[in-house]
Amino acid sequence: MELRWRRRLAGVLVALALLVSFSSVAGASELVLMATTDIHANIYPWDYYGNRPDESVGLAKIYTLVKQIRAEHPNTLLVDDGDLIQGSPLASYLVNVKPPDLGEVHPIIDVLNRMGFDAAAIGNHEFNFGLPYAENVFAGAAFPILSANVYEPGTREPHFTPYVILERSLDGKPIKIGLIGFTPPQIMVWDRGNLTGKVEAGSIVDAARRFVPDMKAQGADLIVALAHTGAYPGASTAPGALAENAAFALAQTVPGIDVIVVGHSHQEIPGKGLPDHPDGQVNGVQLVQPSFWGKALGVVTLDLEAGSDGWRVTAKKAELLPVKEVQPAPEVVAWARPVHEATVAYVTSPIGETLVPISSRASQLTDTAVIQLINDVQRQYVQEHLKGTEYERLPVLSAAAPFKSGYGGETDFTDIPSGGVTIGDVASMYIYDNTLKAIKVTGADLKAWLEHASRKFNQISPGHGDQPLFTSWPGYNFDQIDGIGYRIDATQPEGQRIVDLTFQGRPVAPDQAFVLATNNYRADGGGGFPATGEKAQVVFDPQIASRQLIVEAISRAGTINPTPDHNWSLVPNYLDHPQAAYVYPLVDRGIYVGDLQGRLALDAPLTRGVWAGMVKRGLGLDLAVDQPGAPVTAADAARDLGGYVGDELLAGDADQTLTQADAAQLLAGILAAQSVLVGR
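Residue numbers for the sequence shown, in mature numbering (1 follows the signal peptide of the UniProt record, and there is no 0): -28 to -1, 1 to 652.
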């Protein structure tokens, strides 16, 4: 049953052996492995959502580092760990506007070919556009594309090439380097509609136990696992045999692996992705995870010693090289210029106007315009298309989550000012390539669904001072359901936080039936929500891109005013401060948002930037808060409405005399006097 992939492997081995060999340098015994992961189609250092440079990302910058290392070290490898072709407007353009023709080399693969990649693993997002699209993309690669745990249906014959053994020379002596790839088995959940009946996926660890001994038997001196999987199980869909994040288990339980390139979880190793192992080594195995979007190049330096029985690793070290201060390689800029410029033209295409700013900055604390807009579009589309069906009398609800919620830093938010709306703006609201799906749920399912989503919050202990509200639960799993009312009590343990769950003012009964509009990722089981996956009762599956529905809705309307209905809120008991009563209404209206950990820090000094941001959101100012004059403009606006904050906010070197709680109390008073905000 394995003849198919072994024939492919033989061809790859011959080609690689003929094309490439290490330079022989007298006395050299060093091999440098360079790695990228989770590039998500970021070639240029460019933010397509904001249509501006982003100096912290991109393969163009990665290649500058690669060239430097190749110039300094004669013996190198360059590998990628998956999630290459999805995740940015450029990727979406290459799917929705100008997909590569059959046999045409995908622009991202073309860049990797020119950069001289030696191999790549297959990530989960490679399947978002269907198996035929992915396989057409892979066919253009001049390097092997690997996955050892994706199989032909009903068999354990690998669908893709599971591993390769590169035959190179080091110091004039032959060395065999084995590279093996792994993919999260949850692809069969997340892309159920694209993959069911076409492939199957199994345990990463089981596949490693099967193939690593084979690689050793074929003479591999060194084995590198390209594992598109996080280090720790954490909040994985299945932390057991089918663990989503299995790199730590690979290192601990599968003998023979020397290096694991980790991916998927967008972490940094060495670093915060493996805090208990500061050097990134587990059980003698070197792990490296170079962030995401091309923010860093992972570099593993291996010292090797030749013996009568082959080579052995005598020392290993990993480091990450950030690209922020690196100049982009002009070659990559030139190679990708046509698709970059076409993407910019695409995302800047106007489709309508918004009367209000659309931001996700407060979307983990309260209902916001961005979530309201997504839910309104989904709900209305499903309602319209269920007419005349057996489900037309069921209430239609909608679930959406804040996809850009600060995980990538202070700029990782949707921030659309009032005025013109472009396709790129919609891509910023809805960054994933999901499709609309609707399922039938009960009141009990809704309660369980919301309890699951509320894992976003730490359990707050009243009377214990300022505490961060947010856990590491990702924003894209913090579903907010529109069409019902509810509150979240963050002082309660997980599973007991949803209170006052109502529909049209009445308590929701456990057996009450609803239709819930969501997306294919969620309905198919992504995130492990109740009533999804194999248990889902799908009532509507139009196979229409969620993002495209939003584009069409705005285009039809011309002008939109997505005002949040505040159907949900946090129970006002999570702050331990005498001025909390003034702060809660500002949080509920998205005016006071705290930091990225959900820490509100009410006793902290009021900074000029915080004040400008609060006044901007509270008074609806069209104000760029990072500009030098923003605090002055904000202070003037507050004065005009009867508030005064003191000259200390207008002088850069003056002592701060106000706290953030003082500012909240002041602003709450101003807004209440203007009938903008009603206090509790």
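Using N, Cα and C, we set each Cβ at its ideal position, and we do this for glycine too.
- By the Cβ neighbour-count rule, Lys70 is exposed, with fewer than 16 other Cβ atoms within 10 Å of its own.
- Per DSSP, the unbroken beta strand (DSSP E) holding Asn491 starts and ends at Ala485 to Asn491.
- Taking C-beta atoms as the reference points, Asn406 and Asn545 fail to come closer than 8 Å.
- The beta carbon of Pro534 sits closer than 8 Å to those of Thr326, Val328, Ile330, Ala341, Val342, Gln344, Leu345 and Asp348, all from its chain and outside the five residues before and after it, given in chain order.
- Using a Cβ distance threshold of 8 Å, Leu142 and Phe89 do not count as a contacting pair.
- DSSP, read as helix, strand or coil, puts Leu643 in helix.
- At the C-beta level, Leu198 and Ala93 come within 8 Å of one another.
- In the pairwise beta carbon analysis, the stretch 213 to 229 is classified as touching the stretch 173 to 187: at least three pairs are separated by under 8 Å.
- Check the Cα spacing between Arg284 and each of Gly191, Pro514, Gly500 and Pro156: the tightest is with Gly191.
- Bounds of the alpha helix (DSSP H) holding Phe110 are Leu103 to Ala111.
- Scanning the stretch 172 to 225 from its first residue to its last, the whole beta strand (DSSP E) runs of 3-plus residues come out as 194 to 199.
- In the DSSP assignment, Trp421 falls within the unbroken alpha helix (DSSP H) covering Gly415 to Ala425.
- Three or more Cβ pairs drawn from the stretch 477 to 489 and the stretch 368 to 375 lie within less than 8 Å of each other, which places the two stretches in contact.
- Nearest neighbour of Gln355 by Cα position, chosen from Ala63, Ile411 and Ile388, turns out to be Ile411.
- Under a 10 Å Cβ-count criterion, Gly467 is classified as exposed, with fewer than 16 other Cβ atoms of the shown protein chains found around its own Cβ.
- In the DSSP assignment, Tyr135 forms a beta bridge with Ile152.
- Scanning Asp560, Gly585 and Tyr554 for the CA closest to the CA of Asn539 turns up Asp560.
- With a cut-off of 8 Å on Cβ pairs, the stretch 57 to 73 is in contact with the stretch 310 to 321, counting three or more such pairs.
- In the DSSP assignment, the residues bridged to Ser377 are Phe385.
- The continuous alpha helix (DSSP H) containing Leu84 extends over residues Pro79 to Met87.
- For Val511, the closest C-alpha among the options Gly392, Glu364, Gly499 and Val171 is that of Glu364.
- Taking each of Ile57, Leu337, Leu74 and Asp417 in turn and checking the Cα distance to Arg571, the smallest one comes out for Leu337.
- Around the beta carbon of Gly360, fewer than 16 other beta carbons lie within 10 angstroms, which makes this residue exposed.
- Between the alpha carbons of Phe264 and Leu441 lies a gap of roughly 25 Å.
- In the same chain as Phe429, and ignoring 5 residues on each side of it, the C-beta atoms closer than 6 Å to its own belong to Leu441 and Ala462, in chain order.
- A residue is called buried once 16 or more other Cβ atoms fall within 10 Å of its Cβ, and Leu74, having fewer, is exposed.
- Here Phe429 is bridged, per DSSP, to Phe442.
- Less than 8 Å separates the beta-carbon of Val171 from that of Val122.
- Under the 10 Å beta carbon count, Arg309 is surrounded by fewer than 16 other beta carbons and is classified as exposed.
- Distances from the alpha-carbon of Arg182 to those of Ala120, Ile432 and Pro125 put Ala120 closest.
- Closest by C-alpha distance to Gly562, out of His549, Leu591, Asp575 and Leu574, is Leu591.
- Pairing Ile470 with Glu423 gives a Cβ-Cβ distance under 8 Å.
- In chain order, Val196, Ala197, Ala199, Ala219, Leu222, Ala223, Val257, Gln258, Leu259 and Val260 place their CB closer than 8 Å to the CB of Ile232, counting only its own chain and leaving out the 5 sequence neighbours on each side.
- Considering only Ala399, Lys289 and Pro104, the residue with the shortest C-alpha distance to Phe375 is Ala399.
- Bridge pairing for Tyr564: absent [DSSP].
- Nearest to Glu98 by C-alpha distance, out of Val83, Leu151 and Leu118, is Leu118.
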